[in-house]
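Student: Got a structure for you, written out below as structure tokens; questions coming shortly.
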Amino acid sequence: MMENTALLLIDIQHDFLEEGSLAVPHASEIFPAVNRLIQAVKDKGGLIVASQDWHPQDHVSFGSNHAGNKPFETITIQYENEAISQTLWPDHCVQGTYGATISEKISISDISHVVKKGTNRMVDSYSAFADNKYFEITELAKLLYQKKIETVIVVGLAADYCVKLTCLDAIKFGFKTILVKEGTRAVFPEAFNATMDELRSKGVSVASIDDDAFANVYLSP
Ligand SMILES: [Zn+2]
């Protein structure tokens with residue numbers, strides 16, 4: 024049963040933890056649920072995939088690359104004849120830096136594939152499946168199709184950006200999609216409940232790790 028299931032660990036990187044440059048409040052609270060899920064999916068023969076935000080230093084999403092603008096402002100970028108709305112962030116997950124590494128508080132040796140995203144300096148990429156404008160698709164969907172995955176369980180950082188967009192793309196790519204709420208936290212915690220409601224309205228199952236309906240299927244020995 025679980026051989027058709029993949030656990031997607033979204034951007035669990037040092038820069039998104041409490042000490043990081045783009046800290047997600049209470050990010051470390053996800054680890055107990057994330058590690059339970061890693062163990063359960065591993066034990067049942069499922070696939071474990073991580074995404075890694077992986078930006079060049081001159082990335083368009085960094086406020087520091089736009090004179091006169093500050094992080095958390097929204098600007099419009101012109102690229103490939105499109106006007107793209109871009110939220111600016113503090114510099115984060117720069118390729119090769121400590122902040123970009125996946126946290127060792129999860130079992131990295133159990134991850135079978137790492138999907139890098141955000142490498143195009145001109146387009147941001149919240150989803151692990153594609154950049155924000157679908158100029159480029161990552162290898163994630165191809166990998167999941169090749170492995171005959173039907174269901175994805177999504178956890179990671181942050182609920183209101185990269186986890187949300189990954190869930191929405193997972194639906195678009197045809198997967199049954201389950202977000203485990205104990206396994207994610209939001210950049211803007213006040214947005215958490217509205218984000219969950221939006222995801223439910225678009226077909227994502229928002230589960231609690233303690234729900235019998237979830238635990239009986241995915242956590243039982
Ligand atoms: Zn980023």
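Count along the sequence shown from 1, add 23, and you get the number used in the working numbering.
For each residue, glycine too, the CB sits at the ideal point set by N, CA and C.
#1: So, with DSSP's three-state summary, where would you put I107?
#2: Taking the C-alpha atoms as reference points, what is the distance between F12 and E162?
#3: Rounded to whole angstroms, what is the Cα-Cα separation between I232 and F196?
#4: On the three-state DSSP scale, how would you describe E205?
#5: Can you tell me whether T28 is helix, strand or coil according to DSSP?
#6: Between Q75 and I125, is the Cβ-Cβ spacing less than 8 angstroms?
#7: Taking a cut-off of 7 angstroms, which residues have a beta-carbon closer than that to any heavy atom of ligand 1, in chain order?
#8: Check each candidate in V146, H136, I129, L222 and name the one with the smallest Cα separation from N104.
#9: When you compare the region 232-241 with the region 84-100, are there three or more beta-carbon pairs, one atom per stretch, that lie closer than 8 angstroms?
#10: Could you check what DSSP says for H78 in three-state terms: helix, strand or coil?
#11: Just to confirm, is the Cβ distance from L32 to V72 under 8 angstroms?
#12: Which class does K199 belong to by DSSP, given the choice of helix, strand or coil?
#13: Are D247 and H115 touching if we call contact CB-CB under 8 angstroms?
#14: Just tell me which of S132, V178, D133 has its CA closest to the CA of I35.
#15: Check whether the region 47-57 touches the region 127-135, counting contact only when three or more Cβ pairs, one atom from each stretch, lie closer than 8 angstroms.
Tutor: Looking at the atomic coordinates:
#1: Here I107 sits in strand by DSSP.
#2: Outside the displayed range of the chain (24 to 244) lies residue 12, so it cannot be described from this structure.
#3: Each residue's Cα considered, the two are about 24 angstroms apart.
#4: E205 falls in the strand class under three-state DSSP.
#5: For T28, the three-state secondary structure derived from DSSP is strand.
#6: It is a contact, given that the beta carbons lie within the stated cut-off.
#7: Ordered by chain, the residues meeting the criterion of a beta-carbon within less than 7 angstroms of a non-hydrogen atom of ligand 1 are D76, H78, S84, W112, H115, C116, G141, D147.
#8: The shortest C-alpha separation from N104 is found at V146.
#9: Proximity of the region 232-241 to the region 84-100 falls short of the contact definition, fewer than three beta-carbon pairs being nearer than 8 angstroms.
#10: Looking at H78 - three-state DSSP - the assignment turns out to be strand.
#11: Yes. Within cutoff.
#12: In the three-state reduction of the DSSP assignment, K199 falls in the strand class.
#13: With the chain covering only 24 through 244, there is no way to say anything about residue 247.
#14: For the set S132, V178, D133, the Cα lying nearest the Cα of I35 is the one of V178.
#15: With a cut-off of 8 angstroms, the region 127-135 and the region 47-57 count as touching, because enough Cβ pairs lie within range.
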